[in-house]
Amino acid sequence: MARIIDGKKISAAVRAEIAERAEKLKEESGVTPGLAVILVGDDPASKVYVRNKGRACAETGLYSVTVELPAETTEEALLAKIRELCEDEKIHGILVQLPLPPHIREQAVLDAIPPEKDVDAFHPENVGHVMIGDYRLLPCTPAGVMKMLEIENIPVAGKECVVIGRSNIVGKPMAMLLLHANGTVTVCHSRTKNLAEVTRRADILVSAVGKAGFVTADMVKEGAVVIDVGMNRNAEGKLCGDVDFGPVSEKAEAITPVPGGVGVMTITMLLENTVRAAEAFVRAGRT
Ligand code: GUN
Numbered sequence: 001m002a003r004i005i006d007g008k009k010i011s012a013a014v015r016a017e018i019a020e021r022a023e024k025l026k027e028e029s030g031v032t033p034g035l036a037v038i039l040v041g042d043d044p045a046s047k048v049y050v051r052n053k054g055r056a057c058a059e060t061g062l063y064s065v066t067v068e069l070p071a072e073t074t075e076e077a078l079l080a081k082i083r084e085l086c087e088d089e090k091i092h093g094i095l096v097q098l099p100l101p102p103h104i105r106e107q108a109v110l111d112a113i114p115p116e117k118d119v120d121a122f123h124p125e126n127v128g129h130v131m132i133g134d135y136r137l138l139p140c141t142p143a144g145v146m147k148m149l150e151i152e153n154i155p156v157a158g159k160e161c162v163v164i165g166r167s168n169i170v171g172k173p174m175a176m177l178l179l180h181a182n183g184t185v186t187v188c189h190s191r192t193k194n195l196a197e198v199t200r201r202a203d204i205l206v207s208a209v210g211k212a213g214f215v216t217a218d219m220v221k222e223g224a225v226v227i228d229v230g231m232n233r234n235a236e237g238k239l240c241g242d243v244d245f246g247p248v249s250e251k252a253e254a255i256t257p258v259p260g261g262v263g264v265m266t267i268t269m270l271l272e273n274t275v276r277a278a279e280a281f282v283r284a285g286r287t
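By the working numbering, the letter at position 147 of the sequence shown is numbered 147, and the numbering carries on one by one without gaps.
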């Protein structure tokens, strides 16, 4: 039976450190790290994520504002709101919750967030820094996975790492972070042939597909580390990941559960990015 990688426990430890950093910054400079989260429309899942982000900020001693805009908000109005937050000295991080309504161009919005306040690390400049390995702000989910591996003492160097999924949010940056940690990285996607053959090579298997039960035990090598980034609802409406948890945990050496795994770490790394952005703001003498 696999060791369960407890995202909640790891998060609690990391959040305690983040809270200390935030407190130190406040004492030394009078600056409280501040996050603005913008939600356009009323997608129920997005609403829950946004609420959780605000709550996590409050629990860590960070300032946060949530800006809720109606679904029919124009792209121009959203860009104007972002410009307003760019000028706001209390705000060091700006996050626009995705997905956006279809009439708004996602890339135009992501490009409008200044790289130093881009706590999602979705701006092309931050994406470039990730690619080069000259890290500034790191994308939250992949950074959370790396943090989990580090705290669990799971080495990446020289390991076969297989990432399923090639999204800009998870798959691609995940592959880069594993590569910079000296893993041998393979990225699989919907057009990959003989997927199970590839995933069975993995010492570290990361699934970011978005389909309940996608990763079955036959796709996993005995003794692998399995990281489940999926956030799905099963037929009974229960939150679950991509991995068929029961059978896979019989084969894996270590595994992340859903809920209680990567999801909590994503928010934790968002808090870390917000503190990092605020520290850089103070260092740049902007107070
Ligand atoms: N929607 C799903 N995941 C994310 C994320 O990491 N950041 C933002 N902004 N939106 C998301």
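Where a beta carbon is used, it is the ideal one built from N, C-alpha and C, also for glycine.
For residue 262 and residue 186, which I take to be in contact (beta-carbon distance under 8 Å), what is that distance rounded to the nearest angstrom?
With a Cβ gap of about 20 Å, residue 262 and residue 186 do not count as contacting.
For residue 119 and residue 270, which I take to be in contact (beta-carbon distance under 8 Å), what is that distance rounded to the nearest angstrom?
That pair is a contact at about 6 Å.
Note down, in chain order, each residue of its chain lying with its Cβ closer than 6 Å to the Cβ of residue 208, except the 5 sequence neighbours on either side.
Correct list, in chain order: 165, 170, 171 and 229.
Taking the beta strand (DSSP E) that residue 63 belongs to, which residues open and close that run?
Boundaries of the beta strand (DSSP E) harbouring residue 63: 63-69, taken from the DSSP string.
Residue 286 by DSSP, collapsed to three states: which one?
Residue state, collapsed to three classes: coil.
Nonlocal neighbours in the same chain, by C-beta distance under 7 Å from residue 1, ignoring five residues either side
So the qualifying residues of the chain are 249 and 250.
Cβ-heavy atom distance, residue 98 to ligand 1, below 8 Å
Under cutoff, so the answer is yes.
Put residue 270 into one of helix, strand or coil per three-state DSSP.
Three-state result, residue 270: helix.
Straight-line gap, residue 46 to residue 66 (C-alpha atoms, nearest Å):
Put simply, the backbone Cα of residue 46 is about 12 Å away from that of residue 66.
Suppose the cutoff is 6 Å on Cβ atoms and the five residues either side in sequence are ignored; what does the same chain contact list for residue 18 look like?
Contacts found: 60, 271, 272 and 275.
Which same chain residues, not among the five before or five after residue 116, have their C-beta less than 7 Å away from its C-beta?
Around residue 116: 277 and 280.
Determine the DSSP secondary structure at residue 207, reduced to helix, strand or coil.
Of the three classes helix, strand and coil, the one that applies to residue 207 here is strand, per DSSP.
Cβ of residue 169 within 8 Å of any heavy atom in ligand 1?
Correct: residue 169 has its Cβ closer than 8 Å to ligand 1.
Ordered list of beta strand (DSSP E) runs contained in the segment 145-175, each at least 3 residues:
Correct list: 160-164.
For residue 3, the residue or residues it bridges with in DSSP:
Bridge partners of residue 3: 254.
Helix, strand or coil: how does DSSP classify residue 141 here?
It is helical.
Looking only at C-alpha atoms, which of 241, 232 and 162 sits nearest to residue 224?
Among 241, 232 and 162, the Cα nearest to that of residue 224 belongs to 162.
Under the rule that 16 or more other beta-carbon atoms within 10 Å means buried, what is residue 153, buried or exposed?
So residue 153 ends up on the exposed side.
Which of helix, strand or coil DSSP assigns to residue 233:
When secondary structure is reduced to three states using DSSP, residue 233 falls in the strand class.
If I'm right that residue 50 touches residue 40 with Cβ under 8 Å, what's the distance once you round it to whole angstroms?
Actually they do not touch by this definition, with Cβ atoms about 11 Å apart.
Three-state secondary structure (DSSP) at residue 98?
Coil.
Using 8 Å for Cβ pairs, my map puts residue 240 next to residue 212. What's the rounded Cβ distance?
Yes, they are in contact, since the Cβ atoms of residue 240 and residue 212 sit about 5 Å apart, within 8 Å.
If you drop the 5 nearest sequence neighbours on each side, which residues of the same chain put their C-beta closer than 6 Å to that of residue 182?
Leaving aside the five residues that flank residue 182 on each side, the residues in its chain whose CB is nearer than 6 Å to its CB run, in chain order, 157.
Say the cut is 8 Å; is the CB of residue 140 nearer than that to a heavy atom of ligand 1?
The answer is yes for residue 140.
May I ask whether a heavy atom of ligand 1 can be found less than 8 Å away from the beta carbon of residue 195?
Residue side-chain check: residue 195 keeps its Cβ at 8 Å or more from all non-hydrogen atoms of ligand 1.
Any idea which residues DSSP pairs residue 228 with across the strands?
Bridge partners of residue 228: 207.
Just verifying my parser: in three-state terms, what is the DSSP assignment at residue 263?
Helix.
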